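J.: Note that numbering that gives the first Met the number 0 has the sequence shown beginning at 0, numbered continuously upward.
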Amino acid sequence: MSAFRAAVEARDVEAMRACLAEDVVFRSPVAHKPYPGKAITGAILAHVIEVFEDFRYVRELGDDTGHALVFEATVGGLELTGCDFLVLDDDGLITEFMVMVRPLKAAQALAEAMAARFEAIVELAAQG
0 MSAFRAAVEA RDVEAMRACL AEDVVFRSPV AHKPYPGKAI TGAILAHVIE VFEDFRYVRE
60 LGDDTGHALV FEATVGGLEL TGCDFLVLDD DGLITEFMVM VRPLKAAQAL AEAMAARFEA
120 IVELAAQG
């Protein structure tokens, strides 16, 4: 999992995308429905790294099939703690990507910031 973590910490969108399986499913902390596919997941990641300020992973837990990466960041001046729950396939690519964040007020700020970018996210995903 060090490749994905290193890509995120380097803010390298292409390296992050390279860690995703084509059929990855992204589960947002602020959206009801999951987002299936590498294109939309990569687009979401490209935008969320711009929304998160002072992003840093603070803990990593895992085994051969999955990882939990605990992070801290700021959104709209509000501190949040979150966790990326990742499930890996036999090739080590991410097939399931679920994010949880707290507290509620920071999650709401994240939802607003990402909603403002939703059209751009969809456009980026359409580019492949």
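Glycine included, C-beta positions come from ideal geometry on N, C-alpha and C. A quick note: this is a predicted structure, and the numbers were derived from the prediction, not measured.
How big is the Cα-Cα spacing for THR94 and THR80?
T.: 23 Å
J.: Since LEU109 and PHE96 should fall inside the 8 Å C-beta cutoff, what is the C-beta to C-beta distance between them, to a whole number of angstroms?
T.: Not really, about 16 Å apart at Cβ, beyond 8 Å.
J.: Please list the segments of the beta strand (DSSP E) lying wholly inside the stretch 59-113, counting only runs of 3 or more residues, in order along the chain.
T.: Listed in chain order, the complete beta strand (DSSP E) runs (minimum 3 residues) inside the stretch 59-113 are 65-74, 77-87, 93-101.
J.: Please list the segments of the beta strand (DSSP E) lying wholly inside the stretch 8-42, counting only runs of 3 or more residues, in order along the chain.
T.: Fully enclosed beta strand (DSSP E) runs of 3 or longer: 19-26.
J.: Give me whichever residues DSSP pairs with GLU52 in a beta bridge.
T.: The partner list for GLU52 (beta bridge, DSSP) reads THR73.
J.: Which term fits PHE117, buried or exposed, when burial requires 16 or more other beta carbons within 10 angstroms of its beta carbon?
T.: exposed
J.: Taking the alpha carbon of LEU19 as the point to measure from, which residue in PRO28, GLY36, ALA5 has its own alpha carbon closest?
T.: GLY36
J.: What does the Cβ neighbour count give for VAL57, buried or exposed, with the cut at 16 atoms within 10 Å?
T.: exposed
J.: Would you say ILE48 faces chain D, with C-beta separation under 8 Å as the test?
T.: The chain inventory of the structure shown lacks chain D, comprising one protein chain alone.
J.: As a quick exercise: from VAL29, ASP53, ASP89, pick the residue whose alpha carbon is nearest that of VAL100.
T.: VAL29
J.: Within 10 angstroms of the Cβ of ARG5, are there 16 or more other Cβ atoms? Answer buried if so, exposed if not.
T.: Contrary to the premise, residue 5 reads as Ala rather than Arg in this sequence. It is exposed - the Cβ of ALA5 has fewer than 16 other Cβ atoms within 10 Å.
J.: Alpha carbon to alpha carbon, how far is ASP53 from GLU122?
T.: 26 Å
J.: Using beta-carbon positions only, say whether PHE70 and ILE43 come within less than 8 Å of one another.
T.: no
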